[in-house]
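Following full-length UniProt numbering, the numbering of the sequence shown begins with 1 at its first residue and continues without gaps. Notes follow once the structure below has been shown.
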Amino acid sequence: MRFSGWRVLREGLTGNRGWRPHWRDAAPKSEYDVVIIGGGGHGLATAYYLAKNHGIANVAVLEKGYLGGGNVGRNTTIVRANYMMPGNSEFYSHSLRLWEGLEADLNYNVMHSQRGQIVLFHSDGQRDAGARRGNAMINQGDDAELLSRADLRRMVPYLDYDNARFPIYGGLLQRRAGTARHDAVAWGYARGASERGVDIIQNCEVTGIDTKGGAVTGVQTTRGAIRARKVAIIVAGRSSQVAAMAGMRLPIESHILQAFVTEGLKPCIDHVISFGMGHFYISQSDKGGLVFGGDLDMYASYAARGNLPMVEHVMEAGMTLMPMIGKARVLRSWGGIMDMTPDGSPIIDRTHIEGLYLDAGWCYGGFKAVPGSGFSMAHLVATDRHHPPAARYRLDRFRTGRGLMDEEGTGSQHNLH
Ligand SMILES: Cc1cc2nc3c(=O)[nH]c(=O)nc-3n(C[C@H](O)[C@H](O)[C@H](O)COP(=O)(O)OP(=O)(O)OC[C@H]3O[C@@H](n4cnc5c(N)ncnc54)[C@H](O)[C@@H]3O)c2cc1C
Numbered sequence: 001m002r003f004s005g006w007r008v009l010r011e012g013l014t015g016n017r018g019w020r021p022h023w024r025d026a027a028p029k030s031e032y033d034v035v036i037i038g039g040g041g042h043g044l045a046t047a048y049y050l051a052k053n054h055g056i057a058n059v060a061v062l063e064k065g066y067l068g069g070g071n072v073g074r075n076t077t078i079v080r081a082n083y084m085m086p087g088n089s090e091f092y093s094h095s096l097r098l099w100e101g102l103e104a105d106l107n108y109n110v111m112h113s114q115r116g117q118i119v120l121f122h123s124d125g126q127r128d129a130g131a132r133r134g135n136a137m138i139n140q141g142d143d144a145e146l147l148s149r150a151d152l153r154r155m156v157p158y159l160d161y162d163n164a165r166f167p168i169y170g171g172l173l174q175r176r177a178g179t180a181r182h183d184a185v186a187w188g189y190a191r192g193a194s195e196r197g198v199d200i201i202q203n204c205e206v207t208g209i210d211t212k213g214g215a216v217t218g219v220q221t222t223r224g225a226i227r228a229r230k231v232a233i234i235v236a237g238r239s240s241q242v243a244a245m246a247g248m249r250l251p252i253e254s255h256i257l258q259a260f261v262t263e264g265l266k267p268c269i270d271h272v273i274s275f276g277m278g279h280f281y282i283s284q285s286d287k288g289g290l291v292f293g294g295d296l297d298m299y300a301s302y303a304a305r306g307n308l309p310m311v312e313h314v315m316e317a318g319m320t321l322m323p324m325i326g327k328a329r330v331l332r333s334w335g336g337i338m339d340m341t342p343d344g345s346p347i348i349d350r351t352h353i354e355g356l357y358l359d360a361g362w363c364y365g366g367f368k369a370v371p372g373s374g375f376s377m378a379h380l381v382a383t384d385r386h387h388p389p390a391a392r393y394r395l396d397r398f399r400t401g402r403g404l405m406d407e408e409g410t411g412s413q414h415n416l417h
């Protein structure tokens, strides 16, 4: 089923009777070439690129809940490529380029909106660091512009320039950054994978990973055993728990990240704005809600809900930056479990068990990575070689100390990244 303007018109005129489910609700078979554990953005994208780029379609995506119920449906949808460190820089650049062709590739409206992201500076030191980051982005082939305070006053007049606790000195703008509709990204990849023959199996929790002689042989699930030559663990906040099924102890801590949305308002914020003096960032959804979030809850937890001190912290930061936000009523808040690595950068690698692969550690930035991660992970699973943009995401860097990518410069403390 192809989507087009003509199709929408025809369905509208004929009672919308021609639409079909976007993917097959498959039942598990006893054996696959590849089993992907986790039906989030990364798992679905991996399945899609395995089928599309490598012709490997005898694949099952096993999701313990419903598709899109994890972080892929809980994030604040920011898509950007403003990383500085070698390793991250080329990976996120590749991912952003995939985003730019994604809707045409998937024939699916993921509402990718390149409205621009502005990261604010509040001191000379932050401006210097921003300029350095901007140069790194440009060297990578991406766009970056340094904005003065006067530029900002013109572009985003609603910020508090006169009485702010942390005066605004300027900002770093990436015009190609923006947002996308998160659920649609999951649905679009699911549809694309399913059309190519991948089985997407919901309500199927993996409870064990089978190995023999140092190689993976399959998984145990709540819907029976499934054999597979290759198994990929792509479960975001549950990475440590699932890897433990194969006897692995990952360098990951799980923390909660919260987000908030207000009632729908008329268009008032037309960029993504990130505060530089605290964790606060905001954009406006197409429905009009102000979508904003802050820092991690600082203690490790698997509870996918937030705590009140962080609510207070985020609201305070928002009020400091743009007092007008105080007039909006918060509609909902929610939390998601983040798989935080000690250097804040992810892992796309083989494991010590033959045929067992790991894609994890996306911290709170993994939504924008969905296309890039799926592309690189599919390449690794299919060829057993690292895809160049993701070649530095090796698991053993946490053992050897070589090749760490501490983008935030905060040292090896998971919850500070
Ligand atoms: C509040 C919040 C805001 C965020 N904002 C942004 C943002 O603006 N930009 C950005 O880039 N990133 C953001 N992120 C991070 C991003 O959402 C995640 O890094 C990314 O979605 C994680 O990858 P995923 O989509 O594959 O995860 P998930 O959607 O969580 O997928 C993993 C899946 O694995 C399944 N699973 C787990 N265990 C098992 C099992 N045993 N068997 C079978 N299935 C299993 C889970 O049910 C889940 O569906 C945010 C996250 C949160 C919570």
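Note that CB positions come from ideal geometry on N, CA and C, so glycine has one too.
{"Asked": "Beta carbon of residue 45 nearer than 7 Å to that of residue 370", "Found": "yes"}
{"Asked": "Check whether residue 130 and residue 98 have beta carbons under 7 Å apart", "Found": "no"}
{"Asked": "Check: residue 293 C-beta below 6 Å from any heavy atom of ligand 1", "Found": "yes"}
{"Asked": "Spatial distance of residue 78 from residue 180 (CA atoms)", "Found": "7 Å"}
{"Asked": "Environment of residue 268 [buried if 16+ CB atoms lie within 10 Å]", "Found": "exposed"}
{"Asked": "Through-space distance from residue 188 to residue 103, alpha-carbon basis", "Found": "9 Å"}
{"Asked": "Contact check, residue 337 vs residue 377, beta carbons under 7 Å", "Found": "no"}
{"Asked": "Nearest-angstrom beta carbon gap, residue 261 and residue 308 [assumed within contact, 8 Å]", "Found": "Contact doesn't hold; Cβ gap of about 17 Å is too wide."}
{"Asked": "Cβ contact (3+ pairs, closer than 8 Å) linking the segment 381-390 and the segment 242-250", "Found": "no"}
{"Asked": "Bounding residues of the beta strand (DSSP E) (the contiguous stretch that carries residue 283)", "Found": "281-284"}
{"Asked": "Straight-line gap, residue 313 to residue 294 (C-alpha atoms, nearest Å)", "Found": "8 Å"}
{"Asked": "Sequence-distant residues of its chain with Cβ nearer than 8 Å to residue 53 (five each side left out)", "Found": "375, 378, 379 and 382"}
{"Asked": "Rounded separation between residue 407 and residue 277 - CA only", "Found": "17 Å"}
{"Asked": "DSSP state of residue 7 mapped onto helix, strand, coil", "Found": "helix"}
{"Asked": "Reduced DSSP category for residue 361 - H, G, I as helix; E, B as strand; rest coil", "Found": "coil"}
{"Asked": "Proximity test, residue 6 beta-carbon vs ligand 1 heavy atom, cut-off 6 Å", "Found": "no"}
{"Asked": "Residue interval of the alpha helix (DSSP H) (run including residue 241)", "Found": "239-244"}
{"Asked": "Proximity test, Cβ basis, 7 Å: residue 217 and chain C", "Found": "You won't find chain C in this structure, because it holds only one protein chain."}
{"Asked": "Residue 121 - containing alpha helix (DSSP H), residue span", "Found": "Run containing residue 121: none in the alpha helix (DSSP H); it sits in the beta strand (DSSP E), 117-121."}
{"Asked": "Whole-angstrom distance between residue 225 and residue 34, CA atom to CA atom", "Found": "14 Å"}
{"Asked": "Same chain only: Cβ atoms within 8 Å of residue 2, ignoring 5 sequence neighbours per side", "Found": "107"}
{"Asked": "C-beta contact flag for residue 197 and residue 300 at 7 Å", "Found": "no"}
{"Asked": "The segment 149-161 touching the segment 202-214, judged by at least three CB pairs closer than 8 Å", "Found": "no"}
{"Asked": "Which of helix, strand or coil DSSP assigns to residue 395", "Found": "coil"}
{"Asked": "Residue 19 versus 186, 139 and 9, residue with shortest Cα-Cα distance", "Found": "9"}
{"Asked": "Environment of residue 230 [buried if 16+ CB atoms lie within 10 Å]", "Found": "buried"}
{"Asked": "Classification of residue 30 by the beta-carbon crowding that lies within 10 angstroms, buried from 16 upward", "Found": "exposed"}
{"Asked": "Simplified DSSP assignment, three categories, for residue 174", "Found": "strand"}
{"Asked": "The segment 107-121 touching the segment 79-94, judged by at least three CB pairs closer than 8 Å", "Found": "yes"}
{"Asked": "For residue 280 and residue 320, the rounded distance between their alpha carbons", "Found": "10 Å"}
{"Asked": "Three-state secondary structure (DSSP) of residue 354", "Found": "strand"}
{"Asked": "Where residue 216 sits in the DSSP three-state scheme", "Found": "strand"}
{"Asked": "Test item: CB-CB of residue 26 and residue 199 under 7 Å", "Found": "yes"}
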